[in-house]
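J.: Just dropping this structure here.
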Amino acid sequence: MFEKIYNISDQGIICDFGSEINKEINAKVIGVFNYINKNLKVKKDLGIINCIPSYNKLVIQYDLSLVSSVSIIKYISSIKEKYLTYLNNQKKFEIPICYDTEYGLDLDSISKQNKICIEEIIHLHNETIFYVYMMGFLPGFPFMGDLTKKLFTSRLKTPRVLVPAKSVAVVEKFCAIYPFDSPGGWNIIGKTPCKLFEKNKKNPSLLNPGAQIKFKSISKKVFLELESKNNE
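This is the structure in structure tokens:
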């Protein structure tokens, strides 16, 4: 299951599942992540402070005053794939999105680069079932794949100083939603009225690794109504 497990610091270990980015490998990453977090007693006894999943890696931070890396690596190596629970934890979400030109700042650019009309861009984006590979960059920021090659677009040559919160953007085969106002170099195609991260909730992030996302196109009028309701 693991390609290799190795130290990255005196308090950190990387579990390497390979170099490819695909759902099968990512599901194993999420499976090990879930397994460690469900075994709370073992996690506490081993002094595991944090687990951070990515596309194909899992970083484990531990308390060096309680345990050595040898014990952590031995525990990780003992985890069997048959004990992982990831297939039953895939939540499905329908996310509304408005592709109005006020929000889809880079639709015209993507259309010209890929020689495809804006209506087809919207259609292809809507029909894709996205998979959340990992969270990062900002709290609640989902890295979602896999976008069709027809919409493959590179990062902006000059990143924006400010990307509006809730903007939906694409780059290469990935799609993301900016939960807060922030700088960013992805291509913005629309905006959702949904809140991606609410720090006062028990589960603050709307989306998590392993979730499946389908976007639903809405008009600007409906967008403004939903956004007003969500801000109450």
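Counting from 1491, one number per residue, gives the positions in the sequence shown under our numbering. Yeah, the Cβ is synthetic: ideal placement off N, Cα and C, and Gly gets one too.
#1: Express the C-alpha separation of V1557 and C1684 in angstroms, rounding to a whole number.
#2: By Cβ distance, which residues of its chain are closer than 6 Å to N1721, with the 5 residues on each side in sequence left out?
#3: Per DSSP, what kind of secondary structure is G1675 in: helix, strand or coil?
#4: Work out the CA separation of F1713 and I1606 for me, nearest whole Å.
#5: According to the neighbour-count rule (16 or more other Cβ atoms, all chains shown, within 10 Å of its Cβ), is H1615 buried or exposed?
#6: Need the endpoints of the alpha helix (DSSP H) that S1559 sits in, please.
#7: Look up S1644 in the DSSP assignment and give the residues it is bridged to.
#8: Could you check whether the segment 1672-1686 touches the segment 1640-1654, counting it as contact only if at least three pairs of C-beta atoms, one from each stretch, sit closer than 8 Å?
#9: Measure the alpha-carbon distance for S1718 versus G1508 and round it to whole angstroms.
#10: Which one of E1493, N1512, S1499 has the shortest CA to CA distance from F1664?
#11: Hey, could you find the ends of the beta strand (DSSP E) G1635 is sitting in?
#12: Which class does E1617 belong to by DSSP, given the choice of helix, strand or coil?
#13: Of all the options I1563, R1645, V1622, Y1552, which has the alpha carbon lying nearest to the alpha carbon of Q1580?
#14: Starting from the Cα of L1641, find the closest Cα among I1566, I1600, F1523, F1620 and give me that residue.
#15: Judging by CA-CA distance, which residue of K1710, N1698, L1716 is the nearest neighbour of A1517?
#16: Counting C-beta neighbours from all protein chains within 10 Å, is the total for L1554 16 or more, i.e. buried, or is it exposed?
#17: D1506 to I1515, Cα distance in whole Å?
#18: Tell me whether D1535 is buried or exposed, calling it buried when 16 or more other Cβ atoms sit within 10 Å of its Cβ.
#19: Output the distance between the C-alpha atoms of Y1668 and G1521, rounded to the nearest integer angstrom.
#20: Along the chain, where does the alpha helix (DSSP H) containing D1535 start, and where does it finish?
#21: State the CB to CB distance for the pair M1634 and I1703, rounded to an integer number of angstroms; the pair is presumed to be in contact (CB under 8 Å).
#22: For E1571, collect the residues of the same chain with a Cβ closer than 6 Å to its Cβ; drop the 5 residues on either side in sequence, then sort them by chain order.
T.: So, from the listed chains and residues:
#1: Sequence index remark: in the sequence shown, residue 1684 carries index 194 (1-based). Sequence index remark: in the sequence shown, residue 1557 carries index 67 (1-based). Cα to Cα, the separation comes out at about 42 Å.
#2: Locating residue 1721 in the sequence shown gives position 231, counting from the first residue. Cβ within range, chain order: n/a, list empty.
#3: To locate residue 1675, count along the sequence shown from 1; it is residue 185. The answer is coil: DSSP assigns G1675 none of H, G, I, E or B.
#4: The residue given as residue 1606 occupies position 116 in the sequence shown. The residue given as residue 1713 occupies position 223 in the sequence shown. I1606 and F1713: Cα-Cα distance of roughly 25 Å.
#5: Working through the sequence shown from its first residue, we reach residue 1615 at position 125. Buried, by the Cβ-count rule.
#6: Walking along the sequence shown from the start, residue 1559 turns up at place 69. Where S1559 is concerned, the enclosing alpha helix (DSSP H) stretches over 1559-1568.
#7: Counted from its first residue, the sequence shown places residue 1644 at position 154. Note: S1644 sits in no beta bridge, so no partner.
#8: yes
#9: Taking the first residue of the sequence shown as 1, we reach residue 1718 at position 228. Taking the first residue of the sequence shown as 1, we reach residue 1508 at position 18. The straight-line gap separating the alpha-carbon atoms of S1718 and G1508 is approximately 44 Å.
#10: Residue numbering aside, residue 1664 sits at position 174 when the sequence shown is read from its first letter. The residue with the shortest Cα to Cα distance from F1664 is N1512.
#11: Residue mapping note: residue 1635 aligns to position 145 of the sequence shown, counting from 1. Element bounds for G1635: 1632-1635.
#12: Taking the sequence shown and counting its residues from 1, the one referred to as residue 1617 is at position 127. Annotated three-state conformation of E1617 is helix, per DSSP.
#13: Position 90 of the sequence shown holds residue 1580. Nearest option by C-alpha distance: V1622.
#14: Here residue 1641 refers to the residue found at position 151 when the sequence shown is read from its first residue. Considering only alpha carbons, the answer is I1600.
#15: On the sequence shown, residue 1517 is found 27 positions in, with the first residue counted as 1. Here the closest residue by C-alpha is N1698.
#16: Within the sequence shown, numbered from 1, the residue matching residue 1554 stands at position 64. With fewer than 16 Cβ atoms within 10 Å of its Cβ, L1554 is classed as exposed.
#17: Walking along the sequence shown from the start, residue 1506 turns up at place 16. Walking along the sequence shown from the start, residue 1515 turns up at place 25. Cα to Cα, the separation comes out at about 10 Å.
#18: Taking the sequence shown and counting its residues from 1, the one referred to as residue 1535 is at position 45. Exposed: under 16 other Cβ atoms inside 10 Å.
#19: As a first step, residue 1668 is located in the sequence shown; it is residue number 178 there, counting from the start. As a first step, residue 1521 is located in the sequence shown; it is residue number 31 there, counting from the start. When rounded, the distance between both Cα atoms is 26 Å.
#20: Counting from 1 along the sequence shown, the entry for residue 1535 is found at position 45. Its alpha helix (DSSP H) spans residues 1530-1535.
#21: Locating residue 1634 in the sequence shown gives position 144, where the first residue counts as 1. Locating residue 1703 in the sequence shown gives position 213, where the first residue counts as 1. That belief holds up - the Cβ atoms of M1634 and I1703 are roughly 6 Å apart, short of 8 Å.
#22: Position 81 of the sequence shown holds residue 1571. M1491.
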